[in-house]
Amino acid sequence: MNETVLRAEGVRKSYDGLPVLQGVSLEVGRGEVKVIIGPSGSGKSTFLRALALLEPVDAGEVYLEGEQVSGLKEKQLAAHRSEIGMVFQRFNLFQNMTALGNVMVALRDVRRVPRQEARARALEFLARVGLRDKAENYPEELSGGQQQRVAIARALVMRPKAMLFDEPTSALDVELVREVLDVMESLARDGMTMVVVSHELRFAHHVASSILMMDEGKIIEEAPPEQFFSAPSQERTKRFLALVE
Amino acid sequence: MVASFDTHLFWEVLRSEPYWRGALLAIALTCASLGAACLLGFPLALGRASRQPAVRFVVFLYSWFFRATPTLLLLIIVWDVIPQQFTVFTHNWFTPFLAAFIALSLNEAAYMAEIIRAGLLAVDPGQELAGRALGMRRWQILRRVVVPQAVRIVIPPTGNEFITLLKLTSLASVISVHELLTAANEQASISFSYREVYGAALVYYLVIVSVLMFLQSRLERRFTFRSRSRGRTAVGLAAAAHDAR
């Protein structure tokens, strides 16, 4: 349980001289769920993209199961990216493919799985998010909640070592939020290692191993949910929670 | 006294061999040149966004030269100037049709490059981001995701280019390509019945462009990413809703 899956060390990043990440470190053990909250512009999304190896960083390292995976050549980076699942705020499903095509494509192109087997596995993961019957539908024909569940299946089918969620429900209509959170909760119960940027505090309360508060490019507080919500140590956290709740 | 329209002559020339041969030639020249222009325009479009300044410069030079040179002058250069310089081009294999094909392709590629570039840029960057997050390589993302979506965007302006090019083929008459308008001119100089002779030529152009428009709408539907049955129902529902109002 204590084995570290994902670790970031002193990650720094600036855009045009504007510091966005000012030395962010994080350690996620196997099966842990870390929820990151913080005001917009605090660097949450940038940090998550750095963990997903989508964003080159100016300083600091990312380790996946003890192996340094940041700062590598594009080819190795691509291989490691496939071991980290990423779910985006705006789903980013491939518009020119059916739900099934979306879940299959990386198995075929990245893992070189034969078509029949890729298809079977993709269907299995679509079933897991409750969308087996939408396999032949294109993203345009699905609700936001359904699209996000397909996006989760697309990441899961690669059997990632960790899953990252970048505000997965903030682009959804309120009545569609629940179905996505349910899928995420069941993943957490199954022992998936997760980092979630989200302001769904009820979800955080139920599911998180710990909650992190980010502000101005730094993690200013990390605590288990009970303590985080009842007795946050930082004034900034208190003020933020008051605004969100 | 105004002579009456000679319907018999009109049908005669409409069905005459020089006309349909000329029309076929015009179609063949247009399709071949547009095809080659797309093949050449694609790497040019990618080259414009290259990280290598030298590549970007070459692409700039290309588009500058071929957009600045009048098509008529370019035809003359390829047919008359180049063979004077390089004797290989004086052999039999270098036909007027081939010369026209080369000139029109080179010219059209400069315009297709712009159209393709705009199409590639119009695809949501989130699509590429999602592909990278799955560990797909750049060319895989291009082939599987970006290009199919760009095709839909590129079809309408390419249809316009087809029409422009079809009309430009008449310029090839200066290098003795016997296309449709050349045939009409020859008929006119024999019979002096301008209405019948040019009217028949006009019919050919109208028919060719009509067929193109039909094919274009078929192609657009082919690249609209919706499942067939659902697509029909959605249209039916929309129509029903409209009628109800």
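Chains as they are written, first to last, in the numbering used here: chain A, 1378 to 1622; chain B, 837 to 1081. Note that the Cβ used here is the ideal one computed from N, Cα and C, for glycine as well. Only a predicted model underlies this, so the values are computations on that prediction, with no experimental measurement involved.
{"Check": "Is P1609/A buried or exposed, if buried means 16 or more other CB atoms sit within 10 Å of its CB?", "Outcome": "buried"}
{"Check": "Could you please give the first and the last residue of the uninterrupted alpha helix (DSSP H) stretch that includes L1508/A?", "Outcome": "Counting along the chain, L1508/A falls outside any alpha helix (DSSP H), and DSSP gives it neither H nor E."}
{"Check": "Are there 16 or more other CB atoms within 10 angstroms of the CB of E1622/A, so buried, or fewer, so exposed?", "Outcome": "exposed"}
{"Check": "For the beta strand (DSSP E) containing I1413/A, list its first residue and its last residue.", "Outcome": "1410-1414"}
{"Check": "Thinking just about the alpha-carbon of each residue, which of I1529/A, V1482/A, L1470/A is nearest to the one in P961/B?", "Outcome": "L1470/A"}
{"Check": "Terminal residues of the continuous alpha helix (DSSP H) containing A1530/A?", "Outcome": "1521-1533"}
{"Check": "If we call anything under 8 angstroms between Cβ atoms a contact, is L1016/B one with Y1040/B?", "Outcome": "yes"}
{"Check": "Quick check on the DSSP output: the alpha helix (DSSP H) that includes Q1466/A runs from which residue to which?", "Outcome": "No alpha helix (DSSP H) holds Q1466/A; DSSP gives it neither H nor E."}
{"Check": "Please report the residue range of the alpha helix (DSSP H) in which A1385/A lies.", "Outcome": "No alpha helix (DSSP H) contains A1385/A, which is instead part of the beta strand (DSSP E) from 1381-1392."}
{"Check": "Exposed or buried, which one is I863/B when buried takes at least 16 other CB atoms within 10 Å?", "Outcome": "buried"}
{"Check": "Does DSSP put Y1040/B in a helix, a strand or coil?", "Outcome": "helix"}
{"Check": "Candidates M1463/A, Y1515/A, Q1445/A, A1456/A: which alpha carbon is nearest A1476/A's?", "Outcome": "Y1515/A"}
{"Check": "Give me the residue from F1606/A, T1546/A, K1538/A, G1394/A with the minimum Cα distance to E1444/A.", "Outcome": "K1538/A"}
{"Check": "Does DSSP put F922/B in a helix, in a strand, or in coil?", "Outcome": "coil"}
{"Check": "Relative to the alpha-carbon of L965/B, which residue among M1535/A, F1468/A, E1501/A, V1573/A has its alpha-carbon at the smallest distance?", "Outcome": "F1468/A"}
{"Check": "Between A1427/A and V1439/A, how many whole angstroms is the CB-CB distance? I'm expecting something under 8 angstroms.", "Outcome": "7 angstroms"}
{"Check": "Provide the residue span of the beta strand (DSSP E) that contains V1023/B, from first to last.", "Outcome": "Sequence check: residue 1023/B is Gln here, not Val. Premise fails: Q1023/B lies in the alpha helix (DSSP H), 1016-1027, not in any beta strand (DSSP E)."}
{"Check": "Residues of the region 1491-1502 of chain A with a CB closer than 8 angstroms to any CB of chain B: list them in chain order, please.", "Outcome": "none"}
{"Check": "Which ranges would you report for the alpha helix (DSSP H) in the region 870-956 of chain B if only whole runs of at least 4 residues count?", "Outcome": "889-904, 907-912, 918-921"}
{"Check": "Just to confirm my understanding: we take A1074/B, look at its own chain, exclude 5 residues before and 5 after, and list those with CB closer than 7 angstroms. What are they?", "Outcome": "Confidence at A1074/B is low in this model, with a pLDDT of 43, below 50, so the placement of that residue should be treated as unreliable; the coordinate-derived value is given next. Contacts found: none."}
{"Check": "Judging by CA-CA distance, which residue of I977/B, N1021/B, T994/B is the nearest neighbour of R1485/A?", "Outcome": "I977/B"}
{"Check": "Pull the bridge partners of K1421/A from the DSSP assignment, please.", "Outcome": "BP columns for K1421/A are empty, so no partner."}
{"Check": "Give a yes or no on whether 8 angstroms exceeds the smallest Cβ distance from F878/B to chain A.", "Outcome": "no"}
{"Check": "From the beta carbon of Q1472/A, is the nearest beta carbon of chain B less than 8 angstroms away?", "Outcome": "yes"}
{"Check": "Touching or not, the region 1596-1612 of chain A and the region 991-998 of chain B, by the rule of three or more beta carbon pairs under 8 angstroms?", "Outcome": "no"}
{"Check": "Going straight from the alpha carbon of R988/B to that of F1061/B, what length do you get?", "Outcome": "9 angstroms"}
{"Check": "What span of residues does the beta strand (DSSP E) with P1396/A cover, start to end?", "Outcome": "1395-1406"}
{"Check": "Of all the options L940/B, L911/B, S852/B, which has the alpha carbon lying nearest to the alpha carbon of T866/B?", "Outcome": "L940/B"}
{"Check": "Q1523/A to L1055/B, Cα distance in whole Å?", "Outcome": "29 angstroms"}
{"Check": "Counting only the same chain and skipping the five closest in sequence on each side, list residues whose C-beta sits under 8 angstroms from that of Q1472/A.", "Outcome": "Y1515, P1516, E1517"}
{"Check": "Can you find a C-beta in chain E that's less than 8 angstroms from the C-beta of G971/B?", "Outcome": "No chain E is present in this structure, whose protein chains are A and B."}
{"Check": "Using DSSP with H/G/I as helix, E/B as strand and the rest coil, what is V1621/A?", "Outcome": "helix"}
{"Check": "Does the distance between the C-beta of G1420/A and the nearest non-hydrogen atom of the ligand PLP fall short of 7 angstroms?", "Outcome": "The ligand PLP is absent from the structure shown, which contains no ligands of any kind."}
{"Check": "If contacts are defined as beta-carbon pairs under 8 angstroms, then V895/B and L880/B qualify, I think. What distance do you get, rounded to the angstrom?", "Outcome": "5 angstroms"}
{"Check": "Going by the beta-carbon positions, is the gap between L870/B and E997/B smaller than 8 angstroms?", "Outcome": "yes"}
{"Check": "Quick one: is Y1624/A buried, meaning 16 or more other Cβ sit within 10 Å of its Cβ, or exposed?", "Outcome": "Residue 1624/A is absent from the structure shown; chain A starts at 1378 and stops at 1622."}
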